[in-house]
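K.L.:
A single structure is presented below for examination.
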Amino acid sequence: VALVGAGRLGQAIASSPIFAEHGINIAAVFDTDPEKVGREVGSMPVSDYRQLREAVREKNIIVGVIAVPADNAQDVADELAGSGVKIIFNYSEALLDVPHDVQVHTSNPAVELLHALYFHLT
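Right under this line is the structure:
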C-alpha cells in the first residue's frame, strides 16, 4: 500500500493496526510538504511525493490510499494510476476519473457521519 498524504488523516491511517492485523503493510508514505518529509508516520518515514512513481514500481505496489484535500486528489490519482496502481482508496470528497482498469473506492468520513445521523434522526 502506498499512502499519499501525511496530514492528520494520513497519520491516523498509517498508525492504525488494522492493516497489519489483516496481513497488509503500508510500504510507503508520501507528502509534498517539506515539513513532513523525513518524519515518521506510524512506523514509516514520509518520502517526497516526487518519489512516488519510482517507489510504486520498485516495491510492486498495487494499492494506493489518497488522504489529501479534494483539490489535489485527481492529480494524485493520476500519478498512482500512471505508476501501475490498480486499486485506489480515496478519502477525499473528489470524484475521481481513472482508467477503466483501476478500481476506486471512495470513503469520506464526514459524509458517512451525516448519513448515519440522517438515519438516526429520521
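The numbers in the working numbering rise by one with no breaks, and the one at position 97 of the sequence shown is 84. Every residue, glycine too, gets a C-beta built ideally from N, C-alpha and C.
(1) Can you tell me whether A103 is helix, strand or coil according to DSSP?
(2) Between S30 and V72, what straight-line distance do the alpha-carbon atoms span, to the nearest angstrom?
(3) If F76 sits next to V52, beta carbons under 8 Å apart, how far is it from one beta carbon to the other, in whole angstroms?
(4) Excluding the five sequence neighbours on either side, which residues of its own chain have a C-beta within less than 6 Å of the C-beta of I48, listed in chain order?
(5) Would you mind working out which of L67, V91, A7, L100 sits nearest G(-8), comparing C-alpha positions?
(6) For the alpha helix (DSSP H) that S70 lies in, which residues bound it at each end?
(7) A64 and V85 - do their beta-carbons sit closer together than 7 Å?
(8) Compare the Cα-Cα distances from D62 to each of G(-3), D18, K23 and report the closest residue.
P.N.:
Answer, in terms of the structure:
(1) Helix at A103.
(2) For S30 and V72, the gap between their C-alpha atoms comes out near 22 Å.
(3) At roughly 5 Å, the Cβ-Cβ gap stays under 8 Å, so F76 and V52 are in contact.
(4) Cβ neighbours of I48 beyond the five flanking positions: A(-11), A14.
(5) Checked all of L67, V91, A7, L100; the closest Cα to G(-8) is L67.
(6) For S70, the uninterrupted alpha helix (DSSP H) run begins and ends at 57 to 70, by DSSP.
(7) Going by C-beta atoms, V85 is nearer than 7 Å to A64.
(8) Of G(-3), D18, K23, the residue nearest in Cα terms is D18.
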